[in-house]
Amino acid sequence: MVVGLTRSSKYIYQYLGASPSPIVAADTVYRRKVFSTMREAEAADSSNLSTLVLNEESLTHQSVTMTPEIEKKYVHRVYDAIAPHFSSTRFAKWPKVASFLCSLPPNSLILDAGCGNGKYLGLVPKCFFIGCDISAPLITICADRGHEVLVADAVNLPYRTGFGDAAISIAVLHHLSTENRRKKAIEELVRVVKMGGLVLITVWAVEQEDGSLLHKWTPLTEKYVEEEWVGPSSPRVRDPFSFKLESIPESDENINLASQSVKETVRNQQEYFVPWHLPYHRAEVSGASACALANGLARKDDKKGAVVYNRYYHVFSEGELERLVSGMDNAIIVDQFFDKSNWCIVLKKTL
Amino acid sequence: MRLLTHNMLSCNIKGVTNGFPLRIEAEKVVEKQVDFNADFLKNMFPKIEWKALVAAAKSMGYTDLPDQAESSMIDSEEFLKKFHHALLQLHLEEGALICPETGRRFPVNKGIPNMLLHEDEV
Chain A
172 MVVGLTRSSK YIYQYLGASP SPIVAADTVY RRKVFSTMRE AEAADSSNLS
222 TLVLNEESLT HQSVTMTPEI EKKYVHRVYD AIAPHFSSTR FAKWPKVASF
272 LCSLPPNSLI LDAGCGNGKY LGLVPKCFFI GCDISAPLIT ICADRGHEVL
322 VADAVNLPYR TGFGDAAISI AVLHHLSTEN RRKKAIEELV RVVKMGGLVL
372 ITVWAVEQED GSLLHKWTPL TEKYVEEEWV GPSSPRVRDP FSFKLESIPE
422 SDENINLASQ SVKETVRNQQ EYFVPWHLPY HRAEVSGASA CALANGLARK
472 DDKKGAVVYN RYYHVFSEGE LERLVSGMDN AIIVDQFFDK SNWCIVLKKT
522 L
Chain B
72 MRLLTHNMLS CNIKGVTNGF PLRIEAEKVV EKQVDFNADF LKNMFPKIEW
122 KALVAAAKSM GYTDLPDQAE SSMIDSEEFL KKFHHALLQL HLEEGALICP
172 ETGRRFPVNK GIPNMLLHED EV
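Those protein sequences? They're chains A and B, same order as listed. Each residue of the first sequence is one higher than the last, beginning at 172 in the numbering used here. Each residue of the second sequence is one higher than the last, beginning at 72 in the numbering used here.
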């Protein structure tokens, strides 16, 4: 089912799922040329291929600090809806993060951007932590635990430059849907620490140690209309499937070919919806799930007794974090490693 | 919100060049005891914009801070105790932070400032 498309929409997400997928209603009209192509593709085999069209303003005109729709729907609203349940599952302190924090000088001021339920706040008793997250419900959980926190956007931190002694960004940047936003968030982390200050960033990796997890994730493929998503110098090639889609005529044969190359592109896949199962008894507590179900942002799984939400992820490939920081003139990489299916990097501010 | 945090916060609305310090409208102020740590205070002192801290403390009802401060003063336990109180023990529970350039209000509820911008401010 094709939904309304925008006049200047930049992205078509091919939602490849084994099960019927929720359709998100975008409420504007797409360019006629692509729209007719979408009808053709849709007519062929809509049980495998559902099209999720997102209304995106041209990214070349959209400020990097404006939140794209996919993040509003599949990051912000999801975390707001699942906050208490999510928090109850987030208690194990990841040793690498703990050791980074413990290695910092005592009496440091540590900034946690995207602190979630505040798992790392206060981990080092002699240091002072200030956390922020875009999710007010998660920040409320932090505040209830006595932490110093605020609601803010990691892409645009409301902090004076150079105030912090160190900063951490644990499993945050993979929720940002464009390369420029991910870069901006890294620049912000470096900006808000002092000269010589350290920044630890961790993100989910393409290379997942538990391969069975990937079967539960839904890959999204993007049609690149603008180079905004990936810069011209990026090693990542344009998805060949997306070009094929635009020129697919009405024959079944060509549709099958398209499905084949889809399987190939999944190997280079970095965009995913990752499900979160919110048990019914938890969902009833917040009213958010009723709305989410009505809007198609979540679905019911009676077998599991849960409301299933999708979270948007851009998982990182090897060297991608390094590439993002390579253009920065005020930070150097002092460590980088892979740990428990996460790519990690430690930066030091030099200017 | 503690005044240590307030001393870091700055209005980041697009185009604003002077978003610091945010003026405090205090509706509910609470005092919470925090362990005194002289080394921590000495580490924070160079970061602090002193005039902003004094004004903020006054708006929260605390007037004991000296109007000016120099680094030699951090050797004085008396000074450090006042600094400690203002920086860490005063909490703004309910109120607002006002951008000095645009007048935009950022609400503070249950001690949590909400600094998120609207779409047209970004």
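Cβ coordinates follow ideal geometry from the N, Cα and C atoms, glycine included. All figures in this text were calculated on a predicted structure; none of them were measured in a lab.
C-alpha distance - residue i paired with residue j, whole-angstrom precision
i	j	result
Glu149 of chain B	Leu136 of chain B	11 Å
Gln104 of chain B	Gln160 of chain B	6 Å
Ile504 of chain A	Glu493 of chain A	8 Å
Thr238 of chain A	Leu468 of chain A	17 Å
Val478 of chain A	Thr311 of chain A	23 Å
Gly476 of chain A	Phe444 of chain A	20 Å
Val193 of chain B	Val326 of chain A	11 Å
Gln379 of chain A	Leu391 of chain A	17 Å
Ser81 of chain B	Met366 of chain A	19 Å
Thr134 of chain B	His156 of chain B	11 Å
Lys99 of chain B	Asn78 of chain B	19 Å
Phe334 of chain A	Leu282 of chain A	9 Å
Val486 of chain A	Lys243 of chain A	18 Å
Leu321 of chain A	Gly302 of chain A	7 Å
Phe116 of chain B	Ile145 of chain B	8 Å
Met172 of chain A	Tyr480 of chain A	The predicted model places Met172 of chain A with a pLDDT of 43, which falls under 50 and marks its position as unreliable; any figure quoted below should be read in that light. Cα to Cα, the separation comes out at about 20 Å.
Ala140 of chain B	Val364 of chain A	24 Å
Ala454 of chain A	Leu309 of chain A	16 Å
His345 of chain A	Ser147 of chain B	47 Å
Leu385 of chain A	Met499 of chain A	33 Å
Trp375 of chain A	Ile183 of chain B	29 Å
Ala461 of chain A	Phe111 of chain B	47 Å
Phe177 of chain B	Tyr330 of chain A	14 Å
Ser130 of chain B	Phe91 of chain B	16 Å
Lys118 of chain B	His247 of chain A	33 Å
Phe508 of chain A	Asp304 of chain A	25 Å
Ser234 of chain A	Glu190 of chain B	10 Å
Asn288 of chain A	Leu74 of chain B	22 Å
Val343 of chain A	Leu151 of chain B	37 Å
Residue span of the alpha helix (DSSP H) that contains residue i, given as start and end
i	result
Ser488 of chain A	Segment: none, Ser488 of chain A is in no alpha helix (DSSP H) and carries neither H nor E.
Arg470 of chain A	Arg470 of chain A -> not in any alpha helix (DSSP H); beta strand (DSSP E) instead, spanning Ala469 to Asp472.
Ala127 of chain B	Trp121 to Ser130
Phe111 of chain B	Ala109 to Met115
Gly382 of chain A	Gly382 to Lys387
Leu75 of chain B	Leu74 to Met79
The beta strand (DSSP E) enclosing residue i, as first and last residue numbers
i	result
Tyr250 of chain A	Careful: Tyr250 of chain A lies outside any beta strand (DSSP E), inside the alpha helix (DSSP H) at Arg248 to Thr260.
Asn513 of chain A	Asn513 to Lys520
Asp510 of chain A	Ala502 to Asp510
Thr373 of chain A	Val364 to Trp375
Ala463 of chain A	Premise fails: Ala463 of chain A lies in the alpha helix (DSSP H), Ala459 to Asn466, not in any beta strand (DSSP E).
Leu347 of chain A	Neither: Leu347 of chain A is in no beta strand (DSSP E) and is coded neither H nor E.
Val101 of chain B	Arg94 to Glu102
Asp336 of chain A	Gly335 to Ile341
Tyr133 of chain B	Where Tyr133 of chain B is concerned, there is no enclosing beta strand (DSSP E), given that its DSSP letter is neither H nor E.
Phe444 of chain A	Glu442 to Pro450
Proximal chain B residues relative to residue i, where beta-carbon distance stays under 8 Å
i	result
Ser234 of chain A	Lys85 and Val193
Pro239 of chain A	What Pro239 of chain A touches in chain B: nothing, since even the nearest Cβ is about 11 Å away.
Pro255 of chain A	None at all; the shortest Cβ gap to chain B is about 16 Å.
Residue i: CB within 7 Å of a non-hydrogen atom of the ligand SAH
i	result
Asp110 of chain B	Absence of the ligand SAH is noted for the structure shown, with no ligands found whatsoever.
Contact set between residue i and chain B, taken where Cβ atoms lie within less than 9 Å
i	result
Ala325 of chain A	Result: empty, since nearest Cβ-Cβ is about 11 Å, beyond 9 Å.
Asn278 of chain A	Asn108, Asp110, Phe111, Leu112, Lys113, Asn114 and Met115
Ile281 of chain A	Ordered by position in chain B, no residue passes the 9 Å Cβ test against Ile281 of chain A, which lies about 12 Å from the chain.
Chain A contact residues for residue i, given Cβ-Cβ distances below 8 Å
i	result
Leu80 of chain B	Leu321, Pro329, Tyr330 and Arg331
Glu165 of chain B	In chain order: nothing, as chain A lies at least about 13 Å away.
Thr76 of chain B	Ile301, Glu319 and Leu321
Leu187 of chain B	Ile305, Val322, Ala323 and Asp324
Under 7 Å from the C-beta of residue i: neighbouring residues of chain A
i	result
Ile95 of chain B	Within 7 Å Cβ-Cβ: nothing; Ile95 of chain B doesn't reach chain A, min ~14 Å.
Arg73 of chain B	Glu319
Glu190 of chain B	Met237
Phe91 of chain B	Arg331
Interface partners of residue i on chain A, CB under 9 Å
i	result
Ile183 of chain B	Ala307, Ile310, Thr311, Cys313, Ala314, Val320, Leu321 and Val322
Met45 of chain B	This structure gives no information on residue 45 of chain B, because the portion of chain B shown stretches from 72 to 193.
Contact list for residue i against chain B, beta-carbon separation under 7 Å
i	result
Phe334 of chain A	Met79 and Lys118
- Is it a yes or a no for the region 338-358 of chain A touching the region 117-130 of chain B, going by three-plus beta-carbon pairs under 8 Å? no
- Item | Entirely enclosed beta strand (DSSP E) segments - the region 138-188 of chain B, minimum 3 residues | 161-169 and 176-180
- Query: Which parts of the region 254-319 of chain A are runs of the beta strand (DSSP E), unbroken and 3 residues or longer, counting only runs that do not cross its ends?
  - Reply: 280-284 and 299-304
- Message: When you compare the region 508-518 of chain A with the region 479-496 of chain A, are there three or more beta-carbon pairs, one atom per stretch, that lie closer than 8 Å?
- Response: yes
- Item | Touching by the beta-carbon criterion (3+ pairs, under 8 Å), the region 352-372 of chain A and the region 470-482 of chain A | no
- Item | contact_flag[the region 342-356 of chain A, the region 99-118 of chain B] where n(CB pairs < 8 Å) is 3 or more | no
- Decide yes or no for the touch test of the region 266-279 of chain A against the region 247-257 of chain A: beta carbon pairs closer than 8 Å, at least 3 of them. no
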